[in-house]
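Residue numbers (my numbering): 1 to 245.
Scroll down for the structure; my scribbles are underneath it.
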């Protein structure tokens with residue numbers, strides 16, 4: 001089994017190095033490739049990848065959009081399992097092993113996602129992380145959406161793994177959704193191809209930069225309201241991807 005790690009990047013010179021390095025430094029138990037999709041970066045993102053990680057596949061995608069970049073990476077991927085990470089993610093050493101254990105134990109498993117642990121979120125705001133990933137995702141996502149309504153689950157697009165066969169069958173990420181909800185939309189589609197899940201054990205480190213761009217509590221509530229809107233209407237209110245650097 002081969003794993004394709006897909007990392008879309010737009011002006012991510014500050015984070016891309018630590019992200020790729022953390023993927024490389026994992027305790028690998030399978031064949032793998034890393035694909036970085038540079039989505040029109042104006043900074044040194046591509047240069048850093050070329051100079052520091054010559055074995056990484058670097059793709060230039062000129063059509064702007066996070067979902068477009070992810071789909072381009074998936075199209076070029078040669079792995080059996082597609083793993084999508086955001087460029088500001090840092091992956092723990094045993095992430096790959098934990099992920100593969102689930103796919104090996106459950107043959108019908110088509111896709112999984114996991115939570116973020118914010119490495120730069122001040123302690124006084126850590127309750128936001130707890131409410132989000134230990135209450136909302138398990139209760140709303142796993143219990144209500146998946147088990148009761150059977151309408152998918154809450155997923156994190158920057159921390160998920162899906163079988164390439166299932167991903168291709170459902171057409172990948174919807175490129176009509178530019179931000180908010182594209183991950184949960186994918187979960188709903190993947191559910192038609194097999195079992196899906198959100199696993200607390202499949203966590204990664206991530207930057208809280210989007211929460212910290214303003215008042216973290218207000219930003220957290222805005223995220224919740226955006227997801228609630230998407231889940232009730234199946235449409236995203238976001239008109240563009242918000243660049244936070």
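Heads up, the beta-carbon is just placed ideally off N, CA and C, and yes, glycines get one too.
Backbone secondary structure at residue i - three-state DSSP
i, result
"residue 102", "helix"
"residue 89", "coil"
"residue 22", "helix"
"residue 75", "helix"
"residue 49", "helix"
"residue 33", "strand"
"residue 114", "coil"
"residue 9", "strand"
Residue i, buried or exposed, once every other Cβ within 10 Å from all chains shown has been counted against 16
i, result
"residue 67", "buried"
"residue 246", "Residue 246 lies beyond the stretch modelled for the chain, which goes from 1 to 245, so this question has no answer here."
"residue 2", "exposed"
"residue 186", "buried"
"residue 93", "exposed"
"residue 130", "exposed"
"residue 135", "exposed"
"residue 184", "buried"
"residue 133", "buried"
"residue 104", "exposed"
"residue 149", "exposed"
"residue 72", "buried"
"residue 246", "The question about residue 246 has no answer here: the residues shown for the chain are numbered 1 through 245."
"residue 188", "buried"
"residue 157", "buried"
Supposed close pair residue i, residue j - CB separation, criterion 8 Å
i, j, result
"residue 145", "residue 154", "7 Å"
"residue 119", "residue 207", "7 Å"
"residue 211", "residue 114", "With 8 Å as the limit, residue 211 and residue 114 do not qualify as a contact, their Cβ atoms being about 18 Å apart."
"residue 91", "residue 22", "4 Å"
"residue 20", "residue 69", "Residue 20 to residue 69, Cβ: 15 Å. No contact."
"residue 195", "residue 110", "6 Å"
"residue 164", "residue 87", "With 8 Å as the limit, residue 164 and residue 87 do not qualify as a contact, their Cβ atoms being about 21 Å apart."
"residue 26", "residue 95", "6 Å"
"residue 100", "residue 162", "Their Cβ separation, rounded to whole angstroms, is 13 Å, which puts residue 100 and residue 162 out of contact at 8 Å."
"residue 16", "residue 49", "6 Å"
Cutoff 9 Å: residue i Cβ touching any chain D Cβ
i, result
"residue 52", "Among the protein chains of the structure shown there is no chain D, as only one such chain exists."
Original post:
In chain order, which beta strand (DSSP E) runs of at least 3 residues are fully inside the stretch 116–202?
Top reply: 116–118, 159–163 and 195–198
Subject >> Segment contact, 8 Å Cβ cut-off, at least three pairs: the stretch 50–64 with the stretch 28–41 >> reply: yes
**OP:** Check whether the stretch 120–133 touches the stretch 164–178, taking contact to mean three or more Cβ pairs, one atom from each stretch, closer than 8 Å.
**Re:** no
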